[in-house]
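Residue numbers (the working numbering), protein chains in the order written: chain A, 12 to 140; chain B, 1158 to 1244.
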């Protein structure tokens, strides 16, 4: 199993798809990388030669932000929103969705596990049943 | 839906003129405004505003990081502070 960009070990999928296991590499970037490296996107990752793996690693190193760098870039963006006190920043501080979704129901990804409130409509039936 | 690039950012004409004026003269009095939809342009940096939130005017000091945001984003319109008995 080849190692690219630190600890990422894509498996026996086609290289186009295994590259996407790297944080910061999606469908589009994956193809761009392979085009620049001059490698067919549909070769299995395990069939790549050492040289080809090195070329891919080189291309990523030179042109793309992946893994730690990409994660830091994202959190820097969020930190900026928090610092300037704009609406999106406030929503991030509170852990609520910041793109205008409703929070009356759902929004569980941002709000985390349900916190049941006693006495609210429907709770009685739930606890009895 | 994102605004069309060809139009450029929306900047409230009146507010823009006022801000330029204030900058030229080095006035520090905050500019009162209702124009929440106005994009913050580099010329606004360092200027103080008072942005209406539907109820009162909230002070907003514009820094460089705020460029590109709408001025209304810095004056929240809702007051919800959390339910009673929250943990």
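Note that CB positions come from ideal geometry on N, CA and C, so glycine has one too. In this text the structure is predicted, and so the values were computed from the model without any measurement.
- Non-local C-beta neighbours of residue 29 of chain A in its own chain, meaning closer than 7 Å and more than five positions away in sequence, comprise 21, 22 and 56, ordered along the chain.
- Pairing residue 1166 of chain B with residue 58 of chain A, the inter-Cα distance amounts to about 50 Å.
- Contact with chain A is found for residue 1222 of chain B, since one of that chain's Cβ atoms lies less than 8 Å from the residue's Cβ.
- With a minimum length of 4 residues, the unbroken runs of alpha helix (DSSP H) contained wholly in the stretch 30–80 of chain A fall at 38–48 and 61–74.
- DSSP places residue 1174 of chain B within a helical segment (H, G or I) once states are collapsed to three.
- In its chain, beyond the 5 residues on either side, 35 and 84 have a beta carbon closer than 8 Å to the beta carbon of residue 76 of chain A.
- The residue among B:1161, B:1238, B:1160 and B:1173 with its C-alpha nearest the C-alpha of residue 1191 of chain B is B:1173.
- The beta carbons of residue 1197 of chain B and residue 1228 of chain B sit about 6 Å from each other, so the pair counts as a contact at 8 Å.
- Residue 1168 of chain B and residue 1195 of chain B have their C-alpha atoms spaced approximately 5 Å apart.
- For the C-beta of residue 1214 of chain B, not a single chain A residue is nearer than 8 Å; the gap to the nearest is close to 16 Å.
- A distance below 8 Å separates the beta carbons of residue 1208 of chain B and residue 1231 of chain B.
- Here residue 1199 of chain B is exposed: its Cβ has fewer than 16 other Cβ atoms, across all protein chains shown, within 10 Å.
- At a cut-off of 8 Å, the C-beta of residue 97 of chain A has a neighbouring C-beta in chain B.
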